[in-house]
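Student:
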Amino acid sequence: MSLSINKLTLRTPKRCLVNELSLSVTTGERWVIIGPNGAGKSSLLKACVGLTVHPEVTFEQKAIYDYEPKDRAQRIGLLSQQSLTGFNTRTLDLVLSGSYALTTSYWEDQDHLHAAVVLLKSLGLSENMNQAASELSGGELRRAEIARLMLQNPKVMLLDEPLNHLDLHQQKATQDILLNHLAKHNNAALWVEHDLNRARAIATHAVLLKGDGHWQAGEAEDLLTSKNLSELLNTPLQSIGEQDYFSVFY
Amino acid sequence: MHHPAKAHFYYLLPGFVILALTSLSLSLLIGSHDISLHQVISLLSSPDNSLASQIIHEVRLPRTLSAFAVGGLLALAGALMQVLLRNPLGDPYVLGVSGGAASAALFGMILGVAGWLITPIAFIGAMISILVVFGLSRFQSEQQTLLLAGVVMAAFWGALISLTLSLTPPMQLPGMLFWLMGDLSDAQQPFISLLILAAGLVFSLMIANQLNIAIYGEEQAHSLGINTQQLRLKLYMLTSLLTASAVSIAGAIGFIGLIIPHLVRLLGVTDHRNVLPMSVLAGGSLLVLADLLARILISPMQIPVGIFTALLGVPVFLWLLVRSRS
Numbered sequence: 001m002s003l004s005i006n007k008l009t010l011r012t013p014k015r016c017l018v019n020e021l022s023l024s025v026t027t028g029e030r031w032v033i034i035g036p037n038g039a040g041k042s043s044l045l046k047a048c049v050g051l052t053v054h055p056e057v058t059f060e061q062k063a064i065y066d067y068e069p070k071d072r073a074q075r076i077g078l079l080s081q082q083s084l085t086g087f088n089t090r091t092l093d094l095v096l097s098g099s100y101a102l103t104t105s106y107w108e109d110q111d112h113l114h115a116a117v118v119l120l121k122s123l124g125l126s127e128n129m130n131q132a133a134s135e136l137s138g139g140e141l142r143r144a145e146i147a148r149l150m151l152q153n154p155k156v157m158l159l160d161e162p163l164n165h166l167d168l169h170q171q172k173a174t175q176d177i178l179l180n181h182l183a184k185h186n187n188a189a190l191w192v193e194h195d196l197n198r199a200r201a202i203a204t205h206a207v208l209l210k211g212d213g214h215w216q217a218g219e220a221e222d223l224l225t226s227k228n229l230s231e232l233l234n235t236p237l238q239s240i241g242e243q244d245y246f247s248v249f250y
Numbered sequence: 251m252h253h254p255a256k257a258h259f260y261y262l263l264p265g266f267v268i269l270a271l272t273s274l275s276l277s278l279l280i281g282s283h284d285i286s287l288h289q290v291i292s293l294l295s296s297p298d299n300s301l302a303s304q305i306i307h308e309v310r311l312p313r314t315l316s317a318f319a320v321g322g323l324l325a326l327a328g329a330l331m332q333v334l335l336r337n338p339l340g341d342p343y344v345l346g347v348s349g350g351a352a353s354a355a356l357f358g359m360i361l362g363v364a365g366w367l368i369t370p371i372a373f374i375g376a377m378i379s380i381l382v383v384f385g386l387s388r389f390q391s392e393q394q395t396l397l398l399a400g401v402v403m404a405a406f407w408g409a410l411i412s413l414t415l416s417l418t419p420p421m422q423l424p425g426m427l428f429w430l431m432g433d434l435s436d437a438q439q440p441f442i443s444l445l446i447l448a449a450g451l452v453f454s455l456m457i458a459n460q461l462n463i464a465i466y467g468e469e470q471a472h473s474l475g476i477n478t479q480q481l482r483l484k485l486y487m488l489t490s491l492l493t494a495s496a497v498s499i500a501g502a503i504g505f506i507g508l509i510i511p512h513l514v515r516l517l518g519v520t521d522h523r524n525v526l527p528m529s530v531l532a533g534g535s536l537l538v539l540a541d542l543l544a545r546i547l548i549s550p551m552q553i554p555v556g557i558f559t560a561l562l563g564v565p566v567f568l569w570l571l572v573r574s575r576s
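Taken in order, these protein sequences are the chains called A and B.
Using my numbering, the first residue of the first sequence is number 1, and each one after it goes up by one.
Using my numbering, the first residue of the second sequence is number 251, and each one after it goes up by one.
1. How would you label residue 332(B), buried or exposed, when you count the other beta carbons within 10 angstroms and need 16 or more for buried?
2. Got a sec: does the ligand HEM put a non-hydrogen atom nearer than 6 Å to the Cβ of residue 367(B)?
3. Residue 144(A) touches chain B at which residues, Cβ-Cβ below 8 Å?
4. Residue 80(A) versus chain B: which residues are under 9 Å apart at the beta carbon?
5. In whole angstroms, what separates the C-alpha of residue 238(A) from that of residue 465(B)?
6. Which term fits residue 186(A), buried or exposed, when burial requires 16 or more other beta carbons within 10 angstroms of its beta carbon?
7. Looking at the unbroken alpha helix (DSSP H) that takes in residue 6(A), where does it start and where does it end?
8. Is it buried or exposed, residue 10(A), if we count other Cβ atoms within 10 angstroms and call 16 or more buried?
9. Of the residues that make up the stretch 325-342 of chain B, which ones have a beta carbon closer than 7 Å to any beta carbon in chain A?
10. Going by beta-carbon coordinates alone, are residue 537(B) and residue 320(B) separated by less than 7 Å?
11. Which class does residue 336(B) belong to by DSSP, given the choice of helix, strand or coil?
12. Would you kindly report the start and end of the unbroken beta strand (DSSP E) that includes residue 430(B)?
13. How big is the Cα-Cα spacing for residue 39(A) and residue 379(B)?
14. Taking only beta-carbon positions, decide if residue 88(A) is within less than 7 Å of chain B.
15. Along the chain, where does the beta strand (DSSP E) containing residue 205(A) start, and where does it finish?
16. Whose Cβ in chain A lies nearer than 7 Å to the Cβ of residue 520(B)?
17. May I have the straight-line CA-CA distance separating residue 399(B) from residue 383(B), to the nearest angstrom?
18. Buried or exposed for residue 108(A), going by 16 or more other Cβ atoms inside 10 Å?
19. Which one of 260(B), 497(B), 514(B), 406(B) has the shortest CA to CA distance from residue 356(B)?
20. How many Å lie between residue 390(B) and residue 335(B) at the Cα?
21. Any beta carbon of chain B sitting closer than 7 Å to that of residue 77(A)?
22. By a C-beta neighbour count over all protein chains shown, 10 Å radius and 16 as the cutoff for buried, is residue 172(A) buried or exposed?
23. I need the straight-line Cα distance from residue 401(B) to residue 346(B), nearest angstrom please.
24. Report the partner residues of residue 16(A) according to the DSSP bridge assignment.
25. Exposed or buried, which one is residue 62(A) when buried takes at least 16 other CB atoms within 10 Å?
26. Is residue 147(A) buried or exposed, if buried means 16 or more other CB atoms sit within 10 Å of its CB?
27. Tell me which same chain residues have a C-beta within less than 6 Å of the C-beta of residue 273(A), skipping the five on either side of it?
28. Counting only C-beta atoms, is residue 524(B) closer than 7 Å to chain A at any point?
29. Is residue 389(B) close to chain A? Criterion is C-beta to C-beta, closer than 7 Å.
30. Between 190(A), 150(A), 209(A), which has its C-alpha nearest residue 174(A)'s C-alpha?
31. What are the residues in the stretch 504-519 of chain B lying within 7 Å of chain A by C-beta distance?
32. Measuring alpha carbon to alpha carbon, tell me which of 235(A), 81(A), 227(A) ends up nearest residue 145(A).
33. Contact defined as beta carbons within less than 8 Å: I believe residue 285(B) pairs with residue 305(B). What is the distance between those atoms, to the nearest angstrom?
34. Under 7 Å, Cβ to Cβ, is there at least one residue of chain B near residue 233(A)?
35. Taking Cβ-Cβ distances shorter than 8 Å, what residues in chain B pair up with residue 226(A)?
36. Quick one, which residues of the stretch 136-167 of chain A are near chain B if we go by CB-CB under 9 Å, in chain order?
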């Protein structure tokens, strides 16, 4: 199982964001994507899920956009930054929509309904199940969307700042739930993350996007150094403590 | 655990069926000529040569069924457009789709094309309108911009209609004006429109589970396994066809597509596998009742039913607009 990117170039009308990026994500790996604002992090995820047509992105040697939509959704799924609830849909139905690609039947599967309930409980949303998703707070909605992606359970999860909008204690809990899920199913993840310490804690691999076409990809240990990151983010950084936490110089 | 969407389907849907049957019966029963319920029932099954039989079979029945079909078509078109827009303010009349269909149909009438060609011509007008409005943007676009584009399109069609009318021979004017305002008094052939309604409903129900996901926006719908381009194309075609059929029968009747799906959603129905059939039944019922009022209120004169729906619809629209902003 692998998601391969072979010489992918992403550009805006004015400039080149990523020039000939190549990497291969295999089972169980967790790739963090780090870079300044507008460096093409979200664009990279969109290319990976086939929202933009890029034959350079393949899953098991077949271009992502060539897959049947349901087949694709079983292999690769996106938690986008854009959160939309739509009318007065209940939170449970929002989560249940993650099962669309998993079934051929017209009505949702009873097993998926149970699974959605269990996921909502594990993410601390059992009280909100029958509430309209549009009435959820930003953090609650985010967790509901994470539950939906976990129900969809794609082989590769594309996570665009998944823990944004979450309270501090929810960040850690939700991060653990996501990591457990990935480990249990041996799934891979491409994870856009701004928090460098979290990035270091969760990543096996990293992609650094500079935003001017330059990039670096490889093992997290080699790439997530204070020297690399200071240069990338244009901010003096220093590793502190035994855990190698980053601290910013002001 | 009970599947909530199915529960609605089983418990609420029969209520809407009863509503539809009641409104259809009332419309057959009430009119300038007194015909008893007993008489109506016996005449429906066995027509004779009496005046009452003629009234039922040649006047009230076609008009009632046409009203139901048009109401159902518009409510269904509205529900689908709301998914396209991801906004409960979607309505074929507000977004200028009815205007496009009406302009094209009017143009066809002026040119004197055959009656059966009016619907296809109206379909082209509706398609042009919908492609302009939605083509400007896509699922994820700024929704208020989209609404504004629709409103401007509606104004454009309005001007085109006025131009056409000003060039129309005076003899034809009253009939056209009545039709434009939304009028069912000339509706004679309900069966084709009922057929289109049934086909449109079946087809919409086939994609209703995808509609449930499309409301989360293009990115999420794509990621969850929907072919969003194909779905959007189906919705363009379907809403155009439904609107065009309704407009060719009864002119531009507004706001049914806005009010009805919204009322259904207010009842707590969110699943489109339920929203769509319930909207059809409720939309049909509402227009049957509105048309009943239109023909008896100042009888023997008749009011174009479109005026009623607009008087009812505009306040509801404004209320929704305020609510969606807050």
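Even for Gly, the Cβ is constructed at its ideal location relative to N, Cα and C.
Tutor: This is what the structure gives:
1. Within the second sequence, numbered from 1, the residue matching residue 332(B) stands at position 82. It is buried - the Cβ of residue 332(B) has at least 16 other Cβ atoms within 10 Å.
2. By its list of ligands, the structure shown contains no ligand whatsoever, and the ligand HEM lies outside what it can speak to.
3. Working through the first sequence from its first residue, we reach residue 144(A) at position 144. Residues of chain B passing the Cβ test: none, with the nearest at roughly 11 Å.
4. Here residue 80(A) refers to the residue found at position 80 when the first sequence is read from its first residue. Those within 9 Å of residue 80(A) in chain B are 467, 469, 470, 473.
5. Stepping through the first sequence from its first residue, residue 238(A) is reached at position 238. Stepping through the second sequence from its first residue, residue 465(B) is reached at position 215. One C-alpha to the other measures close to 45 Å.
6. Counting from 1 along the first sequence, the entry for residue 186(A) is found at position 186. Exposed is the call here.
7. As a working mapping, residue 6(A) is identified with position 6 in the first sequence. No alpha helix (DSSP H) holds residue 6(A); the beta strand (DSSP E) holding it covers 2-11.
8. Position 10 of the first sequence, counted from the start, is the residue given in the question as residue 10(A). The residue in question, residue 10(A), is buried, as its Cβ has 16 or more Cβ neighbours within 10 Å.
9. 336, 338
10. Sequence index remark: in the second sequence, residue 537(B) carries index 287 (1-based). Sequence index remark: in the second sequence, residue 320(B) carries index 70 (1-based). Yes. Within cutoff.
11. Position 86 of the second sequence, counted from the start, is the residue given in the question as residue 336(B). If DSSP states are grouped into helix, strand and coil, residue 336(B) belongs with coil.
12. Counting from one through the second sequence, the residue named residue 430(B) turns up at place 180. First-last for residue 430(B): 423-432, but that is the alpha helix (DSSP H), not the beta strand (DSSP E).
13. Your numbering for residue 39(A) matches position 39 in the first sequence. Your numbering for residue 379(B) matches position 129 in the second sequence. Each residue's alpha carbon lies about 38 Å from the other.
14. To locate residue 88(A), count along the first sequence from 1; it is residue 88. Residue 88(A) counts as touching chain B.
15. Within the first sequence, the letter at position 205 stands for residue 205(A). 205-209 is the span of the beta strand (DSSP E), which, as asked, contains residue 205(A).
16. On the second sequence, position 270 is the one that residue 520(B) refers to. Chain A residues near residue 520(B): 87, 88, 89, 90, 93.
17. Here the question's residue 399(B) lines up with position 149 in the second sequence. Here the question's residue 383(B) lines up with position 133 in the second sequence. For residue 399(B) and residue 383(B), the distance between alpha carbons rounds to 6 Å.
18. Counted from its first residue, the first sequence places residue 108(A) at position 108. Of the other Cβ atoms in all chains shown, 16 or more fall within 10 Å of the Cβ of residue 108(A); this residue is therefore buried.
19. The residue labelled residue 356(B) in the question sits at position 106 within the second sequence. Comparing Cα-Cα distances from residue 356(B) to each of 260(B), 497(B), 514(B), 406(B), the minimum goes to 497(B).
20. By 1-based counting over the second sequence, the position of residue 390(B) is 140. By 1-based counting over the second sequence, the position of residue 335(B) is 85. In this prediction, residue 390(B) has a pLDDT of 48, which is less than 50 and means its spatial position is unreliable; nothing more can be read from the coordinates.
21. To locate residue 77(A), count along the first sequence from 1; it is residue 77. Under the 7 Å criterion on CB atoms, residue 77(A) is classed as interfacial with respect to chain B.
22. The sequence position of residue 172(A) within the first sequence is 172, counting from 1. Answer is exposed; the Cβ neighbour count stays below 16.
23. By 1-based counting over the second sequence, the position of residue 401(B) is 151. By 1-based counting over the second sequence, the position of residue 346(B) is 96. C-alpha separation (whole angstroms): 6 Å.
24. Counting from 1 along the first sequence, the entry for residue 16(A) is found at position 16. DSSP lists 11(A) as partners of residue 16(A).
25. Position 62 of the first sequence, counted from the start, is the residue given in the question as residue 62(A). Label assigned to residue 62(A): exposed.
26. Here residue 147(A) is taken as the residue at index 147 of the first sequence, counted from 1. With 16 or more Cβ atoms within 10 Å of its Cβ, residue 147(A) is classed as buried.
27. Nothing in the structure corresponds to residue 273(A), since chain A is present only between 1 and 250.
28. By 1-based counting over the second sequence, the position of residue 524(B) is 274. Judged by the 7 Å Cβ criterion, residue 524(B) is not in contact with chain A.
29. Working through the second sequence from its first residue, we reach residue 389(B) at position 139. For residue 389(B), the pLDDT reaches just 48, beneath the cut-off of 50, and the residue's location in the model is therefore unreliable, leaving the point undetermined.
30. Taking the first sequence and counting its residues from 1, the one referred to as residue 174(A) is at position 174. Nearest option by C-alpha distance: 150(A).
31. 515
32. Sequence index remark: in the first sequence, residue 145(A) carries index 145 (1-based). Per the Cα distances, 81(A).
33. Locating residue 285(B) in the second sequence gives position 35, where the first residue counts as 1. Locating residue 305(B) in the second sequence gives position 55, where the first residue counts as 1. Rounded, the Cβ-Cβ distance is 7 Å, consistent with contact.
34. Stepping through the first sequence from its first residue, residue 233(A) is reached at position 233. No, residue 233(A) lies away from the interface with chain B (no Cβ there is under 7 Å from its Cβ).
35. For the purposes of this step, residue 226(A) is identified with residue 226 of the first sequence, where counting begins at 1. Near residue 226(A) there are no residues of chain B at all, since even the closest Cβ is about 34 Å away, more than 8 Å.
36. 145, 148, 149, 152, 154, 158
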